[in-house]
Amino acid sequence: MNATLAALQKSGHLRRVDATLGEWIARAFAGTSNETVLAAALAARAIADGHSALALDQAQAWLAGIADDTALALPEASTWCEALRRSPAVLPHAVDAPAACLPLVLDTQRRIYLRRYFEYEHRLAQALAARASRAAAIDADTANSASGLDPEQRHAIDIASSRRFTLVTGGPGSGKTHSVLRMLAALATRAHARGETLRIALAAPTGKAAARLGESLRAQIGKLDLAETIAAQIPRDAGTVHSLLGVSPWRVQPRFDHTTPLPYDVVVVDEVSMVDLPLMAK
330 MNATLAALQK SGHLRRVDAT LGEWIARAFA GTSNETVLAA ALAARAIADG
380 HSALALDQAQ AWLAGIADDT ALALPEASTW CEALRRSPAV LPHAVDAPAA
430 CLPLVLDTQR RIYLRRYFEY EHRLAQALAA RASRAAAIDA DTANSASGLD
480 PEQRHAIDIA SSRRFTLVTG GPGSGKTHSV LRMLAALATR AHARGETLRI
530 ALAAPTGKAA ARLGESLRAQ IGKLDLAETI AAQIPRDAGT VHSLLGVSPW
580 RVQPRFDHTT PLPYDVVVVD EVSMVDLPLM AK
């Protein structure tokens, strides 16, 4: 095994699977530098740590926080980046999805990706940007009539009523669930005025998070003065993202994806920061 990988594995900074990837790249691409082998192994370890790529500028500080033992000194970011640009295993890339079938991708912000994760992130970014740029054929007059809301909550509801994609953020107790409930009520009211029934799905990354979302909505919906025809359109229970998409260990592809859309008008995903990149791309 590469001496650097062996040392990092022994100290607990790398897993065996990370080191194995680095070793494979060294064998598969003749003339691959030690900097490339190291970058590949650390990129795999970064994914296990919740990142989509290894940021070369922050790699030393990140590595130091993984294990108690002192981490080995990593190459200086600029020098490392130059070595990666010359590597036969790395595709330097800026904007578009890579065409060459190489295992690693280096972007313009000095981040090294495993190719599959670059494609996941690229695809997800394109999808979110497309949704965020599309206006919905729904006006926000109904949302403005909601009482008991502060200006920020009203603004959030206006955005949700007029756009195809909305991201709601805030700390504990900031009223995120209440705002989302008001958004759903506003959308359901508009649908009812058109003689339609709004199809709503609620999901979260885990069963526990889904149960908490359902409990929170049930606790708050009774406090709102909603007509029964509106309240009836809002679900009281949530499921997991896996069950929503029909993800199964017996199928490579989920039941629902970009080619087979979900049969809902509105999808709410709570605790979305817990959703990993491959699942989010699906």
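So in our numbering the end of the sequence shown lands on 611, straight run, no missing numbers.
Idealized CB from N, CA, C, for every residue including glycine.
In this text, all values refer to a predicted model and were calculated from it rather than measured experimentally.
Check: From the DSSP output, which residues share a beta bridge with Y446?; Outcome: According to DSSP, Y446 bridges with nothing at all.
Check: Do P583 and A530 have their C-beta atoms within less than 9 Å of each other?; Outcome: no
Check: Give me the Cα-Cα distance between A520 and I559, rounded to the nearest whole angstrom.; Outcome: 9 Å
Check: Within 10 angstroms of the Cβ of S602, are there 16 or more other Cβ atoms? Answer buried if so, exposed if not.; Outcome: exposed
Check: Can you check which of these residues, H380, I354, I376 and D397, is closest to K339 by C-alpha distance?; Outcome: D397
Check: Using only the alpha-carbon positions, how far apart do E544 and L457 sit?; Outcome: 28 Å
Check: Could you give the C-beta distance for V570 and A533, rounded to a whole number, given that I count them as a contact under 8 Å?; Outcome: 7 Å
Check: Tell me which same chain residues have a C-beta within less than 6 Å of the C-beta of A400, skipping the five on either side of it?; Outcome: H342, L392 and A393
Check: If you measure between the beta carbons of A402 and Q387, is that distance less than 9 Å?; Outcome: no
Check: With distances taken between CB atoms, is the gap from I354 to L433 smaller than 9 Å?; Outcome: yes
Check: For my contact list, D605 and A538 are in at a C-beta cut-off of 8 Å; report their separation, rounded to the angstrom.; Outcome: Not confirmed; about 14 Å, so no contact.
Check: Whose CA, out of A461, C430, Q438 and A517, lies closest to the CA of W409?; Outcome: Q438
Check: For A469 and A514, I'd like the C-alpha separation in whole angstroms.; Outcome: Caution is warranted here: a pLDDT of 46 is assigned to A469, below 50, making its placement in the model unreliable, and no coordinate value can be reported.
Check: Is DSSP giving L574 helix, strand or coil here?; Outcome: helix
Check: With a threshold of 8 Å, establish whether the CB of A514 neighbours any heavy atom of the ligand FAD.; Outcome: Of the ligands one can find in the structure shown there are none, so the ligand FAD has no counterpart to examine.
Check: Starting from the Cα of S407, find the closest Cα among A418, P417, L420 and L435 and give me that residue.; Outcome: L435
Check: Give the single residue among S362, F494 and D479 whose Cα lies nearest to the Cα of A459.; Outcome: F494
Check: Do L608 and L553 have their C-beta atoms within less than 9 Å of each other?; Outcome: no
Check: Return helix, strand or coil for P480, following the three-state DSSP convention.; Outcome: helix
Check: Give the DSSP bridge partners of V597, in chain order.; Outcome: L531
Check: For A335, which residues from the same chain have a beta carbon less than 8 Å from its beta carbon, with the 5 sequence-adjacent residues on both sides left out?; Outcome: A348
Check: From Y442 to R541, what does the alpha carbon distance come to, in whole angstroms?; Outcome: 34 Å
Check: Output the boundary residues of the beta strand (DSSP E) element that contains V346.; Outcome: Here V346 belongs to no beta strand (DSSP E); instead the alpha helix (DSSP H) covers R345 to A357.
Check: Is it right to say S381 is buried, meaning 16 or more other beta carbons lie within 10 angstroms of its own, or is it exposed?; Outcome: buried
Check: Between P590, E525, I395 and S577, which has its C-alpha nearest A561's C-alpha?; Outcome: E525
Check: Helix or strand or just coil, what does DSSP make of A567?; Outcome: coil
Check: Could you check the C-alpha separation between G502 and S508 for me, to the nearest Å?; Outcome: 11 Å
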